[in-house]
Amino acid sequence: MKNQKGFSLIELLIVVVIIGIIAAIAIPNLLAARRAANEASAVSSLRTAHGAQMTYQSTVGNGNYGTLVQLGAQQLLDAQLGAAAAQKSGYNFASFEVARTSTAPAAFAIGAT
4 MKNQKGFSLI ELLIVVVIIG IIAAIAIPNL LAARRAANEA SAVSSLRTAH GAQMTYQSTV
64 GNGNYGTLVQ LGAQQLLDAQ LGAAAAQKSG YNFASFEVAR TSTAPAAFAI GAT
């Protein structure tokens, strides 16, 4: 009988198949976790922008809300959110402001897509 060293081809194929099965299970879970983290970051960014709008309105906005660029210029938002093309964690942020008039209060909306 020969003295065998190393693995046979069948043993190596079994190991490759097992690794493939583990990868098929793990990769979708990792992608879902990444998507959930990006969504949580976007929600946090929206909350930050809301707080920045409240601060802007009560301090320098004279009762009006500011654009994301104006909030960034006042350093109420970070450079990513305070840019003209605000993008963070894979989401694009946009804001819409309505100025205060004698008959209507100021309003704003911020969205992430």
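Going by our numbering, the first residue of the sequence shown is number 4, and it counts up by one from there. The beta carbon of each residue, even a glycine, is placed where N, CA and C say it ideally should be.
Using DSSP with H/G/I as helix, E/B as strand and the rest coil, what is residue i?
| i | result |
| --- | --- |
| Val-63 | coil |
| Gln-73 | helix |
| Leu-12 | helix |
| Leu-84 | coil |
| Leu-34 | helix |
Residues bridged to residue i by DSSP?
| i | result |
| --- | --- |
| Val-101 | Ala-110 |
| Ala-115 | Phe-96 |
| Gln-90 | Asn-95 |
Out of curiosity, what's the CA-to-CA distance linking residue i and residue j?
| i | j | result |
| --- | --- | --- |
| His-53 | Gln-90 | 16 Å |
| Ala-115 | Lys-8 | 59 Å |
| Ala-1 | Gly-85 | A query on residue 1 cannot be resolved here, the shown segment of the chain reaching from 4 to 116 and no further. |
Examine chain D for any beta-carbon lying closer than 8 Å to the beta-carbon of residue i, and answer yes or no.
| i | result |
| --- | --- |
| Thr-104 | Given the protein chain composition of this structure (a single chain), no chain D is represented. |
Smallest Cα separation from residue i: which of the options?
| i | options | result |
| --- | --- | --- |
| Asn-67 | Ser-92, Ala-39, Phe-99 and Val-19 | Phe-99 |
For the ligand HEM, I want to know if residue i counts as a neighbour, meaning its beta carbon is within less than 7 Å of at least one of the ligand's heavy atoms.
| i | result |
| --- | --- |
| Ala-55 | Ligands are entirely absent from the displayed structure, and the ligand HEM is therefore not among its contents. |
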